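Residue numbers (the numbering used here): 313 to 599. A virtual CB, placed ideally from N, CA and C, is assigned to each residue, including glycine. Bear in mind that the values here come from a model prediction, so they are computed numbers and not experimental data.
This is the structure:
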């Protein structure tokens, strides 16, 4: 195996399941993609956000599937994801990884593409144990989604952090408060009735536990953009706590636990999830 890939894989705990083996490789591929984008002007036009940003740069202990970016407001009309196919594919090829990045069709404000290749070949490239690769169907495709969102949002703040593997690379991303705002927006509005992503709840508790600040102005912009708030409505800390507490009374927590379980190693962390838990920590938190 390539020494760079060997070094990247050494930081992951020994896999105990097929899913964990695949997730470790996907996470390494995500970092390689970020590095490839860093060899272009990508981060001058868009910022990294979402669960993968929280995991890679802030230590979130769960697997995250996608790479999410927000296009800068002033670049919305000129940003084209196709421009970055070459830099990602060159990075993959330089490490002899049998995968390629292809741009998919545009959907609304979202430009998306996929890093993909034969799953067994990619796992072998990363030195995955045969006990796992041997169970992978010969035609299975390993796929990672990359999305760039052109929704015009206000009051975002940014920071630059350095990815160390595969190579030291500066990556521009939302700062902690703006990342937190995106997650609170998801908790409030990314669901239907009692259904909610358990991953959103898991991340929400991560922000609360680590006492991250909240970019309230950016959250208000997001909630107005997605229609959760009307344009004339305003948001303050007291209103936010009320909205969150109301939301937490409607959630099917058994469904939420089932959603997040495949993405975490320690399943005990969700044992006591309940409306009472989420309401209590929300009321106590200083947003």
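Check, Outcome
"Short Cβ contact (8 Å threshold) for residue 345 with residue 388", "no"
"For residue 470: DSSP bridge partner residues", "486"
"Inter-residue CB distance, residue 489 and residue 466 (contact presumed, cutoff 8 Å)", "Actually they do not touch by this definition, with Cβ atoms about 14 Å apart."
"Coarse secondary structure for residue 461, derived from DSSP in three states", "strand"
"Residue 563, enclosing alpha helix (DSSP H) - first and last residue", "No alpha helix (DSSP H) contains residue 563, which DSSP labels as neither H nor E."
"Enclosing alpha helix (DSSP H) for residue 537 [first to last residue]", "528 to 537"
"Start and end residues, beta strand (DSSP E) containing residue 342", "Not the beta strand (DSSP E): residue 342 falls in the alpha helix (DSSP H), residues 330 to 350."
"Of the residues 356, 316, 404 and 598, the one placed nearest residue 472, counting alpha carbons only", "356"
"Residue burial classification, residue 367 (beta-carbon count within 10 angstroms, cutoff 16)", "buried"
"Every unbroken alpha helix (DSSP H) inside the stretch 385 to 421 [4 residues or more]", "397 to 406"
"The alpha helix (DSSP H) enclosing residue 360, as first and last residue numbers", "Not the alpha helix (DSSP H): residue 360 falls in the beta strand (DSSP E), residues 358 to 361."
"Cα-Cα separation, residue 437 to residue 371", "26 Å"
"For residue 340 and residue 321, believed in contact at Cβ under 8 Å, the rounded distance", "6 Å"
"Within 8 Å, strictly: CB atoms of residue 333 and residue 412", "no"
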